[in-house]
Amino acid sequence: MSKTIKATADDIWKNKVEKINSELFTLTYGSVVAQLCRDFHNDYVQVNAQLERMGFNIGIRLIEDFLARTGLGRCQSFKETAEVVSKIGFKIFLNVVPLVTNWSGDGKQFSLVLEENPLAEFVELPQDDKASRALWYSNVLVGVLKGALQMVQLEVDVAFVKDVLRGDDATEIRLKLIKVLRDEVPAGED
Amino acid sequence: MTIYSLYILNKAGGLIYQTDPCPGLNKLSANEYLVLAGTLHGVHAIASRISPTAPTPNTGFFGTGKAVAGNCNTSGLKSLETDAFAMYVFQTVTGLKFVLVTAPGTRAQADAAELVLCRIYECYADYVMKNPYYSLDMPIRCDMFDEKVVEVTQVVV
Amino acid sequence: MSYYLAMIGTQDNPIYELEFGSFRQGNDGTSKFNPEMKELNPFILHAALDIIEDVQWETNTLYLKAIDNFYGHLISAYVTPGNVKFLLLHETKNEEAIRHFFTDINDLYVKVLLSPFYNANDPIISPSFDVKVKTLAKKYL
């Protein structure tokens, strides 16, 4: 199963995805974050929230692109969702495959560990202590995941727990399944 | 395959896009199109509940917990064939419905229609969802999307 | 041997400075400038800026080699395409090593510029930049 997932993802990445220069991408995201920090006078809690909101709006749109391009149906378990998000979602949009790990006992929480983060290349956080304590530089990803999963009727809690930019040993996003929005599952999918 | 019409329904059953790539069709009034879309949405939902055998509860990850039969049709309305036309419905995981109305055709046409619907879904993802001025679930007014739909539907005509 | 490196922004404002010594011949990398010289260093380099402004238009290379001297100390310069100047005060002639040193510092400087929180002409306070410059110093000088 995981082999076919990888093959599908590679195929889509090679043939169906329009690519842009990664530095252009990184710098564009960087200037957005830096501008937000200026606009909110380095109130990083606000900046995190804004990034998440922007990500959410991306996510609810991007999911259609994801589904149209991959032709995937509904996942049968949250474990499968985790695999698809990491091995296909991250792969085709960012060309990285985060590690799915740290499953909780009830199978409703897991972590995505990013070995490299295309959003944060070149980045050094501002030298004030506040930034490295409060700012989640790549918080847009949190919003994207929330938005995209909500559109396929999964309410999840997503948050960064570690970021190498802050001096942590890894970049880790934690996902927690709150509930399946059963009432919103379209008719015909029982 | 002659494509008469394309309908796109949002997840609430509202009509957000309608076009007739084939010229010479009689038009309905705007309201009648909306009613038609709403009816389709309802029929699709009812169809997914129709079951010829004894129901068993669905307890899967996405199951609603409601009773469904082991071997019943649970995917709702997928196609409709009449002497005058054929209709194909494609529902996305997010709940959108793409509906294609064509001239009546053979079984093989169903596959071709599904392909067209997938292509249109891709166009929707590219030219509607990526248009920053489009708000979700609202009627689609994007010239680029119109052009692409014409392109896709023309290829198969 | 001792070195004094300064990076000067486009408004003739200093953005980075570092005083260091050679690691060669058993030295440990600490500078051996005497106290008077330490105070004079910034002024010597500052005075060299005028010469750079003349020399930089006469060549199409970024590395200007030794452009000035001060009582036996040489001043080498490098001008980035964005008109940021790297100046190095050193005691002996060592063109090739200094060329490599400047070129690599330019690469580091570009990476600093790419960080979204760094504005051009701001002082460079990143500790990791500092560490990397010191590594280069150890490698080349």
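For the record, the sequence lines run as chains E, L and V. Under the numbering used here, read the first sequence as residues 1 to 190, first letter to last. Under the numbering used here, read the second sequence as residues 1001 to 1157, first letter to last. Under the numbering used here, read the third sequence as residues 2001 to 2141, first letter to last. The beta carbon of each residue, even a glycine, is placed where N, CA and C say it ideally should be. Remember, it's a predicted structure, so these values are computed and weren't measured experimentally.
Which same chain residues end up closer than 6 Å to residue i when comparing Cβ atoms and leaving out the 5 residues on each side of it in sequence?
i                            : result
glycine 1065 of chain L      : Legend: pLDDT at glycine 1065 of chain L = 48, less than 50; position of this residue unreliable, value from coordinates given subsequently. Excluding sequence neighbours, glycine 1065 of chain L sits near nothing in its chain.
leucine 1088 of chain L      : A quick correction: the sequence has tyrosine, not leucine, at residue 1088 of chain L. Same-chain partners within the cutoff: Ser1079, Leu1100, Ala1113.
leucine 36 of chain E        : Val47, Gln50
proline 1139 of chain L      : Ile1016
glutamate 2017 of chain V    : Ala2006
glutamine 1018 of chain L    : Tyr1007, Tyr1033
isoleucine 2019 of chain V   : It should be pointed out that residue 2019 of chain V corresponds to glutamate in this sequence rather than to isoleucine. Excluding sequence neighbours, glutamate 2019 of chain V sits near Tyr2004, Ser2031.
tyrosine 1134 of chain L     : Val1128
glycine 1038 of chain L      : Gly1013
aspartate 1146 of chain L    : none
asparagine 1010 of chain L   : Ile1016, Asp1137
phenylalanine 122 of chain E : none
Going by beta carbon distance, what residues of the same chain come within less than 8 Å of residue i, once the five residues before and after it are set aside?
i                         : result
proline 2081 of chain V   : Leu2062
isoleucine 178 of chain E : Glu155, Val156, Asp157
valine 180 of chain E     : Gln153, Leu154, Glu155
aspartate 128 of chain E  : Asn42
serine 86 of chain E      : Val97, Pro98, Leu99, Val100, Leu112
aspartate 168 of chain E  : Lys162
cysteine 1142 of chain L  : Tyr1127, Val1128, Asn1131, Tyr1134
glutamate 184 of chain E  : Gln153
asparagine 191 of chain E : The requested residue 191 of chain E is not part of the displayed model; chain E covers only 1 to 190.
proline 1104 of chain L   : Glu1081, Thr1082, Asp1083, Ala1084, Phe1085, Ala1086
Starting from residue i, follow its DSSP beta bridges and name the residues at the other end.
i                          : result
proline 2014 of chain V    : V:Ile2008
lysine 2085 of chain V     : V:Ile2008, V:Val2079
glycine 2021 of chain V    : V:Ser2002
methionine 1087 of chain L : L:Leu1080, L:Val1101
aspartate 2068 of chain V  : V:Ile2075
isoleucine 1003 of chain L : L:Thr1102
threonine 171 of chain E   : E:Leu114
glutamine 1018 of chain L  : L:Tyr1007
leucine 177 of chain E     : E:Val156
tyrosine 2063 of chain V   : V:Tyr2078
isoleucine 2090 of chain V : Note on identity: in this sequence residue 2090 of chain V is histidine, with isoleucine being the wrong assignment. Answer is V:Leu2074.
lysine 162 of chain E      : E:Glu172
Near residue i, what residues of its chain come up, given a Cβ to Cβ distance below 7 Å and the 5 sequence neighbours on each side ignored?
i                             : result
leucine 1077 of chain L       : Val1043, His1044, Ala1047, Val1089
glutamate 2095 of chain V     : Lys2065
asparagine 2121 of chain V    : Gly2009, Thr2010, Gln2011, Asn2013, Ile2015
isoleucine 2105 of chain V    : Phe2086, Val2133, Leu2136
threonine 1148 of chain L     : Note that residue 1148 of chain L corresponds to lysine in the displayed sequence, not to threonine. Hits under 7 Å: Cys1123, Tyr1127.
phenylalanine 2023 of chain V : Gly2029, Lys2138
leucine 1117 of chain L       : Tyr1088, Phe1090, Phe1098, Leu1100
glutamate 116 of chain E      : Val96
lysine 2093 of chain V        : Ala2066, Leu2074
phenylalanine 2129 of chain V : Leu2108, Val2112
isoleucine 2051 of chain V    : Ile2067, Asp2068
methionine 54 of chain E      : Val140, Gly143
Can you give the beta carbon distance from residue i to residue j, rounded, assuming they're within the 8 Å contact cut?
i                           : j                             : result
valine 92 of chain E        : isoleucine 173 of chain E     : Per the sequence shown, residue 92 of chain E should be read as isoleucine rather than valine. In fact, because the Cβ distance is near 18 Å, the residues do not count as touching under 8 Å.
glutamine 1091 of chain L   : proline 98 of chain E         : About 30 Å; that fails the 8 Å criterion.
phenylalanine 66 of chain E : glycine 107 of chain E        : About 23 Å; that fails the 8 Å criterion.
alanine 120 of chain E      : leucine 165 of chain E        : 6 Å
aspartate 1137 of chain L   : glycine 1024 of chain L       : Their Cβ separation, rounded to whole angstroms, is 31 Å, which puts aspartate 1137 of chain L and glycine 1024 of chain L out of contact at 8 Å.
valine 2055 of chain V      : isoleucine 2067 of chain V    : 5 Å
glutamate 124 of chain E    : serine 2076 of chain V        : The pair is not a contact, with the Cβ atoms about 28 Å apart (cut-off 8 Å).
proline 1021 of chain L     : valine 1155 of chain L        : Rounded, the Cβ-Cβ distance is 11 Å, inconsistent with contact.
leucine 2141 of chain V     : phenylalanine 2101 of chain V : 6 Å
query: Looking at C-beta atoms only, is the number of pairs between the stretch 2112-2128 of chain V and the stretch 2020-2030 of chain V that lie closer than 8 Å three or more?
result: no
message: To test your reading of the DSSP string, which unbroken alpha helix (DSSP H) runs of 4 or more residues are found completely within the stretch 63-134 of chain E?
response: 78-84, 91-94, 129-134
query: Taking one C-beta from the stretch 23-43 of chain E and one from the stretch 2-15 of chain E each time, how about it: are there three or more such pairs within less than 8 Å?
result: no
- prompt: Do the stretch 104-112 of chain E and the stretch 126-136 of chain E touch if we need at least three Cβ pairs shorter than 8 Å?
  reply: no
task: Say whether the stretch 145-154 of chain E touches the stretch 57-67 of chain E, bearing in mind that this needs 3 or more beta-carbon pairs closer than 8 Å, one atom from each stretch.
output: yes
task: Say whether the stretch 2085-2099 of chain V touches the stretch 2001-2019 of chain V, bearing in mind that this needs 3 or more beta-carbon pairs closer than 8 Å, one atom from each stretch.
output: yes
task: Determine, using beta-carbon pairs with one atom in the stretch 1022-1036 of chain L and one in the stretch 1119-1137 of chain L, whether at least three such pairs fall under 8 Å.
output: no
query: Enumerated in chain order, which unbroken segments of the alpha helix (DSSP H) with a length of 4 residues or greater are wholly contained in the stretch 2093-2127 of chain V?
result: 2095-2114
task: Could you tell me which uninterrupted alpha helix (DSSP H) segments, each at least 4 residues in length, are contained entirely in the stretch 2019-2058 of chain V, listed from first to last along the chain?
output: 2035-2055
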